[in-house]
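**Student:** Here the protein sequences line up with chains A and B, keeping their order.
Take the first sequence: its letter number 132 is residue 449 in our numbering, and every next letter is one higher.
Take the second sequence: its letter number 366 is residue 683 in our numbering, and every next letter is one higher.
There are 2 protein chains.
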Amino acid sequence: MKSSSANMAKKKSSSSIVKPFDNIGRNRVIIENVTPQVEKGLYPAKRVEYEWVIVEADVFTDGHDHVKAVLLHRKKGARKWNETNMQSLGNDRFQGFFHCENTGYYEFSIKGFIDHPNTWIHAFRKRKAEQDHKELAVQVAIAKDYLNQLISDYPKAKKELLQAIKEIDDPTYEYAASIILEDLFNKYPLERFPTFFDKTFEVVAHRKRAGFSAWYSFFPRSAAKPGSNHGTFKDCEELLPRIKEMGFDVVYFPPIHPIGEAFKKGKNNTLNAGASEPGCPYATGLGKGGHKDILPELGTLKEFKDFIKKTAAMGMEVAMDFAIQCSPDHPYVKEYPQWFKWRPDGTVQYAENPPKKYQDVLPLDYENEDWQNMWLELKSILDYWISQGIKIFRVDNPHTKSFIFWQWCLSEIEKEHPDVLFLSEAFTRPRIMENLAKKGFHQSYTYYTWRNSKSELMQYMDELTKGPMREYFRPNFWPNTHDINPYITQSGHEPQFILRYFMAATLSSNYGIFGPSYELMVHAALPGKEEYLDSEKYEVRHWDWEHRNKLMHVISLINKLRNENQAMHFTNNYQVCDIANDQMMAWLKVYGDNKILCVVNLDAYNKQSGNITIPLISIGKNEHESYVVHDLITDDRYIWTGSTNFVELDPYRLPFHFFRIEGV
Amino acid sequence: MKSSSANMAKKKSSSSIVKPFDNIGRNRVIIENVTPQVEKGLYPAKRVEYEWVIVEADVFTDGHDHVKAVLLHRKKGARKWNETNMQSLGNDRFQGFFHCENTGYYEFSIKGFIDHPNTWIHAFRKRKAEQDHKELAVQVAIAKDYLNQLISDYPKAKKELLQAIKEIDDPTYEYAASIILEDLFNKYPLERFPTFFDKTFEVVAHRKRAGFSAWYSFFPRSAAKPGSNHGTFKDCEELLPRIKEMGFDVVYFPPIHPIGEAFKKGKNNTLNAGASEPGCPYATGLGKGGHKDILPELGTLKEFKDFIKKTAAMGMEVAMDFAIQCSPDHPYVKEYPQWFKWRPDGTVQYAENPPKKYQDVLPLDYENEDWQNMWLELKSILDYWISQGIKIFRVDNPHTKSFIFWQWCLSEIEKEHPDVLFLSEAFTRPRIMENLAKKGFHQSYTYYTWRNSKSELMQYMDELTKGPMREYFRPNFWPNTHDINPYITQSGHEPQFILRYFMAATLSSNYGIFGPSYELMVHAALPGKEEYLDSEKYEVRHWDWEHRNKLMHVISLINKLRNENQAMHFTNNYQVCDIANDQMMAWLKVYGDNKILCVVNLDAYNKQSGNITIPLISIGKNEHESYVVHDLITDDRYIWTGSTNFVELDPYRLPFHFFRIEGV
């Protein structure tokens with residue numbers, strides 16, 4: 318022993334070995350696996366204002382001491398951290414909450430330390446039963462030492478703590494084992510050698526609409542009454558009551574800018590359109606008119622601003638398309654030729670989004686040397702329309718523009734206009750869709766349009782709401798778009814339209830339809846393709862805006878119920894319910910006392926039935942309790958008991974149930 | 318337009334907005350989700366020397382351009398990075414490899430860039446079919462531009478590239494579409510605006526034994542022949558041929574240090590042992606003898622060193638126990654009282670690992686003010702035994718010592734002795750076992766001892782080999798230990814012993830048994846507990862070392878087969894095979910051409926059979942091909958065809974098959 322301790326004493330003088338741990342060598346608590354986080358904190362997790370953020374972490378120590386886990390959180394920029402005790406979930410997992418009181422950035426981290434007094438009191442209660450008075454006296458002396466340490470840590474609590482030191486001498490040891498003393502130890506934690514998690518994570522709270530929206534999209538040029546000509550913003554104004562009646566809250570227009578003449582597309586995407594054809598609005602730019610100008614046939618800037626105001630007055634918002642590519646006639650082509658990739662023959666290769674070819678559109682080159690000016694100019698388009706009253710943009714094919722541009726552009730816009738929202742229209746591979754959402758898009762189009770079977774839908778909902786995507790990717794479900802006339806509704810079968818609409822609007826808190834094709838159940842397609850026949854992308858259409866049908870009635874009802882039931886304002890609260898039929902699917906959404914159960918029959922042609930299993934813990938019932946299942950469409954009320962109950966759906970009546978679970 | 322461009326020009330002068338992206342604004346490639354990594358790179362991933370490291374990452378860009386993903390890797394400390402092209406796995410995932418040529422640290426990262434020439438050649442081949450000669454001429458001009466850029470990037474390849482520029486003018490366009498040109502583009506990649514992943518990850522390669530070992534544990538004090546007294550190192554030497562015959566390669570001893578007298582434990586863990594009782598070797602320390610001393614009854618230091626040498630001469634290694642706690646008689650208690658937590662009554666609370674109480678053992682206090690000296694002294698124990706020839710330590714209850722101490726201690730030892738290995742004996746909650754492995758333990762005891770049913774075993778193997786643990790937690794499977802006499806073998810039923818042994822030795826490349834209790838099928842337990850009756854922890858036992866049985870024969874055979882078949886040298890190559898019987902389990906392990914299929918009957922009392930499904934892709938066969946399934950125990954050969962085949966196992970014959978899959 319001598320030699321080794323001498324050896325040690327020698328080393329003592331040179332503390333170099335211990336140095337890396339100099340200040341933290343007694344910090345025994347480990348903190349790991351903190352959630353929510355996106356890419357290890359590279360991007361913020363997304364929430365909406367008023368939402369609670371649930372923070373979890375593994376917090377543990379060596380040995381058998383109790384640990385205290387504390388959630389540190391603050392509005393970003395605030396000087397002081399708020400501290401909230403976290404609760405144990407078992408297996409070293411702890412959970413705490415904080416509230417997004419308004420929009421903006423929040424930050425949080427975790428602190429942990431050994432809770433010696435609580436370790437002591439739990440051990441003391443066991444020892445008390447053993448009635449070894451000599452040992453109990455030793456234990457009380459240990460507790461007094463803790464209380465004395467607390468007096469120096471919390472001088473303001475001196476009186477309270479001195480009283481405890483007095484009472485703990487009670488020879489029955491009742492006080493020493495009491496919940497009163499435990500509460501005192503929790504009120505004044507003895508914090509020694511705390512471990513701070515080495516990272517701070519961010520959460521951004523967006524305005525409510527980012528998380529809850531019902532979009533109605535249509536071509537303003539088709540807004541005119543049958544028999545008249547090119548639709549105008551004035552015509553669009555006439556349609557607002559109809560859109561409001563259906564209950565939508567975002568009105569989205571494809572591009573409203575001047576359309577190029579070069580390589581203009583004709584009816585049904587033919588090349589070399591006739592002079593009288595209007596062309597495709599995604600081929601932006603003609604003469605002096607570019608992305609900051611309005612197609613004269615639609616009206617004036619003032620008329621567009623009037624439309625924005627009237628929409629707002631009815632409680633809705635206008636979303637604009639941001640489609641960066643340019644027609645060969647766009648003024649940028651002449652003013653900033655350096656932004657395009659010129660070929661040896663003096664042309665620019667037209668844009669493609671395979672298998673689609675956009676012969677009338679030139680892409681910008683994100684590797685060009687003048688990229689900084691290009692970025693500034695592109696952002697200035699957004700700035701311009703924001704200054705005209707626009708707060709929502711649907712971004713066309715963002716995945717064909719560089720990710721780093723979006724990261725910069727969206728963060729710059731957010732600094733000045735945190736209420737401006739962006740929807741990413743990227744129908745492409747998973748990693749790309751995910752990355753755009755990480756880069757700052759508030760909502761994203763999804764694969765919902767092609768998820769039809771129960772297993773596909775269940776798997777996709779799990780991916781969106783149970784995996785890492787839940788923190789940053791806000792799905793927006795569309796049963797159709799102006800680019801997609803899906804095979805499943807090409808039949809024109811009404812129950813199918815109702816079903817696909819209902820699932821979009823209730824699985825996801827954000828959804829949209831392309832009208833009036835959807836609600837009028839337009840279904841004629843280009844042969845073998847998921848494209849509309851006589852698509853409004855290439856021509857002006859006229860519609861019977863006075864027509865009313867069952868689907869429109871369902872849309873109005875469901876949008877009303879979505880607004881009235883807070884559980885529908887979120888997507889991540891989706892919880893699947895077992896149902897013993899491959900053609901039926903059921904899910905529960907709970908928010909506080911509001912509990913919504915949706916059941917669908919995926920077979921749009923046959924009656925289907927099955928036994929549904931409700932996760933009782935989520936509705937606060939046990940196997941022997943009854944509850945009311947209130948059909949909010951028919952006002953029928955069913956009394957169910959326990960977890961398993963029978964449901965049946967006839968698609969020709971309605972392919973879904975929208976139930977609210979209520980007390981008896 | 319004018320106003321906006323003027324606006325932009327103004328902003329141009331103040332580049333502050335663009336600044337954050339100044340140097341990377343044209344870097345269009347995104348790199349994410351790089352594996353392997355442990356806690357975001359906080360700890361290295363573990364491998365063994367000669368092993369390949371498979372690196373994967375998501376690498377993608379906007380638009381439709383091809384990307385090139387390059388794995389950068391080097392031995393830590395090397396100046397130059399090696400570059401290896403990664404291959405696409407689809408869905409934007411790329412994979413590359415590097416080799417751990419010897420032990421030590423490696424680092425890797427990823428680089429990605431747009432591969433314009435390959436984007437071009439793939440598009441060109443499609444265009445060639447369209448026979449638009451004007452367009453093809455433009456395309457050739459574009460390719461020539463790439464080739465000219467490459468000449469300036471690779472001046473040494475000038476001749477080769479000039480030749481290509483000449484040949485590409487071939488008016489049939491055969492060369493421009495050729496694999497020859499594609500190969501040239503791959504040989505000389507056109508690297509512009511590369512993205513570098515912002516982190517470097519580490520891999521540590523340990524010596525082979527860290528990943529492949531068969532441990533035999535016994536109490537040296539029980540090594541003497543029946544009728545004689547306390548066993549000695551000399552007696553242990555006599556047992557080496559027996560251990561070698563069974564095929565083990567690590568011989569592990571519980572502590573061999575002086576044992577305390579205070580609160581000495583008696584037979585079967587009774588308190589207040591008689592003077593003649595030897596006490597528990599985990600109560601280390603008496604008089605001047607501590608952790609650097611040897612219990613005189615076992616022999617001298619020289620005899621211990623002789624034992625180490627003789628073991629080494631037979632191709633085996635000695636593992637020592639590192640059990641930090643002290644008996645109240647340990648010299649540390651007097652010399653360093655500041656390292657213990659004294660109670661008001663002048664005693665130290667004894668150690669506990671609930672529900673176990675160690676009245677004869679005092680824990681050290683890792684929060685004491687003199688912690689730095691305590692750390693140095695503890696490490697000096699390891700240094701001392703390493704200098705005596707020990708290279709493997711089994712660490713007793715590391716989870717009751719602070720994590721940060723282990724992190725420091727293991728990394729310090731590793732710097733001087735990278736060949737020294739540590740096995741963590743932490744039978745506790747998952748996060749704690751995992752963290753110790755992250756902190757540097759080379760191997761870890763596992764829950765295998767209590768995983769008996771097929772679903773438990775399958776789930777546990779998935780957790781160990783398919784989740785994040787695979788990168789840092791090396792399981793060591795023990796069917797028993799000197800602390801655990803599991804319920805499942807308390808029957809003494811021979812097929813059960815064979816089965817539990819076989820699974821430990823073939824599911825995991827690292828495993829061990831506590832002998833001779835295991836191979837002699839000792840099974841008497843303290844009533845209702847998983848403790849051995851008359852445990853050697855509290856008394857000297859004598860065994861019939863000459864006895865031979867079927868289990869010992871199986872052990873010898875399996876250890877021989879483990880050594881001969883490289884697929885058995887790894888654990889993460891475990892791949893479960895479907896088998897239509899809940900009492901049967903099967904798994905495949907493949908390493909290069911070596912393909913081992915293990916099948917077990919979990920029912921040790923009844924014959925079981927079922928159809929097994931082999932994942933044919935893993936053995937390089939298709940549904941119509943035959944292959945030989947060679948039983949390496951019986952030398953039987955079966956010809957199987959396709960994926961599904963029949964197996965049957967009679968536990969009284971043998972409860973397992975050990976097959977090698979061979980060609981026909």
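Don't be surprised by glycine CBs; every beta carbon is placed ideally from N, CA and C.
Computed from a predicted model, the values in this text were never measured in an experiment.
Hey, out of K912/B, I707/B, I950/B and V376/B, whose CA is closest to M637/B's CA?
**Tutor:** Indexing the second sequence from 1 puts residue 637/B at position 320. For M637/B, the nearest C-alpha among the options comes from I707/B.
**Student:** Distance, Cα to Cα, W723/B vs K658/B?
**Tutor:** Locating residue 723/B in the second sequence gives position 406, where the first residue counts as 1. Locating residue 658/B in the second sequence gives position 341, where the first residue counts as 1. Whole-angstrom Cα-Cα distance: 20 Å.
**Student:** Is the CB of S719/B under 8 Å away from at least one CB in chain A?
**Tutor:** In the second sequence, counting from the first residue as 1, residue 719/B sits at position 402. Cβ-Cβ to chain A under 8 Å: yes for S719/B.
**Student:** Counting only the same chain and skipping the five closest in sequence on each side, list residues whose C-beta sits under 8 Å from that of E366/B.
**Tutor:** Working through the second sequence from its first residue, we reach residue 366/B at position 49. Closer than 8 Å at the Cβ level, and outside the excluded window around E366/B, lie C417, E418, N419, T420, A522, H523, R524 and K525.
**Student:** Please determine if the region 882-892 of chain A and the region 776-786 of chain A are in contact, where contact requires at least 3 C-beta pairs separated by less than 8 Å.
**Tutor:** yes
**Student:** Which class does V712/A belong to by DSSP, given the choice of helix, strand or coil?
**Tutor:** Within the first sequence, numbered from 1, the residue matching residue 712/A stands at position 395. Three-state result, V712/A: strand.
**Student:** If contact is defined by three or more beta carbon pairs under 8 Å, each pair taking one atom from either stretch, is the region 544-562 of chain A in contact with the region 431-445 of chain A?
**Tutor:** no
**Student:** Just the chain B side, please: which residues come within less than 9 Å of D409/A by C-beta, in chain order?
**Tutor:** Indexing the first sequence from 1 puts residue 409/A at position 92. The contacting residues are R746, P747, R748 and I749.
**Student:** Does chain C have any CB closer than 8 Å to the CB of A921/A?
**Tutor:** In the displayed structure, chain C is absent; the protein chains listed are A and B.
**Student:** Could you pull out every residue in the same chain whose Cβ sits closer than 6 Å to the Cβ of Y517/A, ignoring the five residues on either side in sequence?
**Tutor:** The sequence position of residue 517/A within the first sequence is 200, counting from 1. In the sequence under discussion, the amino acid at residue 517/A is Thr, which differs from the Tyr named in the question. Excluding positions up to five away in sequence, the list reads E424 and S426.
**Student:** Below 8 Å on the Cβ atoms is my contact criterion, and I expect V712/B with L740/B to pass it. Report the Cβ-Cβ distance as a whole number of Å.
**Tutor:** Numbered from 1 along the second sequence, position 395 holds the residue referred to as residue 712/B. Numbered from 1 along the second sequence, position 423 holds the residue referred to as residue 740/B. In this structure V712/B touches L740/B by the C-beta definition: roughly 7 Å separates them, less than 8 Å.
**Student:** Look at the alpha carbon of V346/B and the alpha carbon of E773/B, and state the distance between them as a whole number of angstroms.
**Tutor:** Numbered from 1 along the second sequence, position 29 holds the residue referred to as residue 346/B. Numbered from 1 along the second sequence, position 456 holds the residue referred to as residue 773/B. Going by the C-alpha atoms only, they are around 43 Å apart.
**Student:** Across the region 745-764 of chain A and the region 815-824 of chain A, are there enough close Cβ pairs to call them in contact, namely three or more that are closer than 8 Å?
**Tutor:** no
**Student:** From this set, I749/B, P506/B, L933/B and E491/B, which residue's C-alpha is nearest S960/B's C-alpha?
**Tutor:** Numbered from 1 along the second sequence, position 643 holds the residue referred to as residue 960/B. For the residues I749/B, P506/B, L933/B and E491/B, the minimum Cα distance to S960/B belongs to L933/B.
**Student:** Less than 6 Å between C-beta atoms, sequence neighbours within five positions excluded: which residues of the same chain meet that for K327/A?
**Tutor:** Here residue 327/A is taken as the residue at index 10 of the first sequence, counted from 1. Residue placement at K327/A cannot be trusted, given a pLDDT of 36 that sits under 50; what the coordinates show is reported in the next sentence. Correct list: empty, nothing qualifies.
**Student:** Quick one: list the residues of chain A neighbouring E349/B, beta-carbon separation under 8 Å, in chain order.
**Tutor:** Stepping through the second sequence from its first residue, residue 349/B is reached at position 32. Those are E356, R748 and N752, listed as they occur along chain A.
**Student:** Taking a contact to mean a Cβ-Cβ separation below 8 Å, would you say L612/B touches I576/B in this structure?
**Tutor:** By one-based count along the second sequence, residue 612/B stands at place 295. By one-based count along the second sequence, residue 576/B stands at place 259. The answer is yes: Cβ separation under 8 Å.
**Student:** Report the start-end ranges of each beta strand (DSSP E) in the region 908-981 of chain A that is 3 residues or longer and not cut off at the edges.
**Tutor:** 911-918, 925-930, 943-948, 954-958, 961-966 and 973-979
**Student:** Closest to E562/A by CA distance: which of E836/A, G407/A, T958/A and S943/A is it?
**Tutor:** Position 245 of the first sequence, counted from the first residue, corresponds to residue 562/A. The option with the nearest alpha carbon to E562/A is E836/A.
**Student:** Along the chain, where does the alpha helix (DSSP H) that runs through P558/A open and close?
**Tutor:** As a first step, residue 558/A is located in the first sequence; it is residue number 241 there, counting from the start. Looking at the DSSP string, the run of the alpha helix (DSSP H) that includes P558/A is F550 to M563.
**Student:** Can you tell me whether S333/B is buried or exposed? The criterion is at least 16 other CB atoms within 10 Å of its CB, across all chains shown.
**Tutor:** As a position in the second sequence, residue 333/B is number 16, starting the count at 1. Low local confidence applies: a pLDDT of 33 at S333/B is under 50, so the model's placement there is unreliable, with the coordinate-based value given in what follows. It counts as exposed.
**Student:** Quick one: using the 10 Å Cβ neighbour count with 16 as the cut-off for buried, is T617/B buried or exposed?
**Tutor:** Here residue 617/B is taken as the residue at index 300 of the second sequence, counted from 1. So T617/B counts as exposed.
**Student:** Taking 8 Å as the CB-CB limit, is V650/A close to chain B?
**Tutor:** To locate residue 650/A, count along the first sequence from 1; it is residue 333. No, V650/A lies away from the interface with chain B (no Cβ there is under 8 Å from its Cβ).
**Student:** Would you be able to state if there are at least three C-beta pairs under 8 Å between the region 499-509 of chain B and the region 526-545 of chain B?
**Tutor:** no
**Student:** Using C-beta distances below 8 Å, list every residue in its chain close to I896/A, excluding the 5 sequence neighbours before and after it, in chain order.
**Tutor:** Along the first sequence, one-based indexing puts residue 896/A at 579. Taken in chain order, the residues that qualify are M902, A903, V916, G927, N928, I929, T930 and V964.
**Student:** Whose Cβ in chain A lies nearer than 8 Å to the Cβ of R345/B?
**Tutor:** Looking up residue 345/B in the second sequence gives position 28. Result: Y683, E684, S719, F720 and I721.
**Student:** Would F1013/B count as contacting chain A if we go by Cβ distances under 8 Å?
**Tutor:** Outside the shown range of chain B, which is 318 to 981, sits residue 1013/B, and nothing can be said about it.
**Student:** Given that a residue counts as buried once 16 or more other Cβ atoms are within 10 Å of its Cβ, and exposed if not, what is F414/B?
**Tutor:** Here residue 414/B is taken as the residue at index 97 of the second sequence, counted from 1. By the neighbour-count rule (16 or more Cβ atoms within 10 Å), F414/B is not buried but exposed.
**Student:** Kindly list the residues whose CB is nearer than 6 Å to the CB of S320/B, restricted to its own chain and excluding five residues on each side of it in sequence; keep chain order.
**Tutor:** On the second sequence, position 3 is the one that residue 320/B refers to. Residue placement at S320/B is flagged as unreliable, the pLDDT there being 37, under the threshold of 50; the coordinate-derived value follows with that caveat. None.
**Student:** Helix, strand or coil for K327/A, going by three-state DSSP, please let me know.
**Tutor:** Locating residue 327/A in the first sequence gives position 10, where the first residue counts as 1. Its pLDDT being 36, under 50, K327/A is placed unreliably by the model, and nothing is read from it.
**Student:** At which residue ranges does the region 372-424 of chain B contain complete beta strand (DSSP E) runs of 3 or more residues, listed in the order of the chain?
**Tutor:** Taking only runs of at least 3 residues, the beta strand (DSSP E) segments lying wholly in the region 372-424 of chain B are 384-392, 399-402, 404-407 and 410-416.
**Student:** Looking at the C-beta of H381/B, does it have a partner C-beta in chain A at a distance below 8 Å?
**Tutor:** Position 64 of the second sequence, counted from the first residue, corresponds to residue 381/B. Contact with chain A is found for H381/B, since one of that chain's Cβ atoms lies less than 8 Å from the residue's Cβ.
**Student:** Whole-angstrom Cβ separation of E400/A and D375/A, contact assumed at under 8 Å?
**Tutor:** Here residue 400/A is taken as the residue at index 83 of the first sequence, counted from 1. Here residue 375/A is taken as the residue at index 58 of the first sequence, counted from 1. With a Cβ gap of about 19 Å, E400/A and D375/A do not count as contacting.
**Student:** Taking only beta-carbon positions, decide if A579/A is within less than 8 Å of chain B.
**Tutor:** In the first sequence, residue 579/A corresponds to position 262, counting from 1. By this cut-off, A579/A is not an interface position.
**Student:** Does E788/B get closer than 8 Å to chain A when you measure Cβ to Cβ?
**Tutor:** Residue numbering aside, residue 788/B sits at position 471 when the second sequence is read from its first letter. With 8 Å as the cut-off, E788/B does not count as an interface residue toward chain A.
**Student:** Contact check, Y849/B vs F794/B under 8 Å by CB: the rounded distance?
**Tutor:** For this step, residue 849/B is matched to residue 532 along the second sequence. For this step, residue 794/B is matched to residue 477 along the second sequence. Contact flag wrong, Cβ pair sits at about 19 Å.
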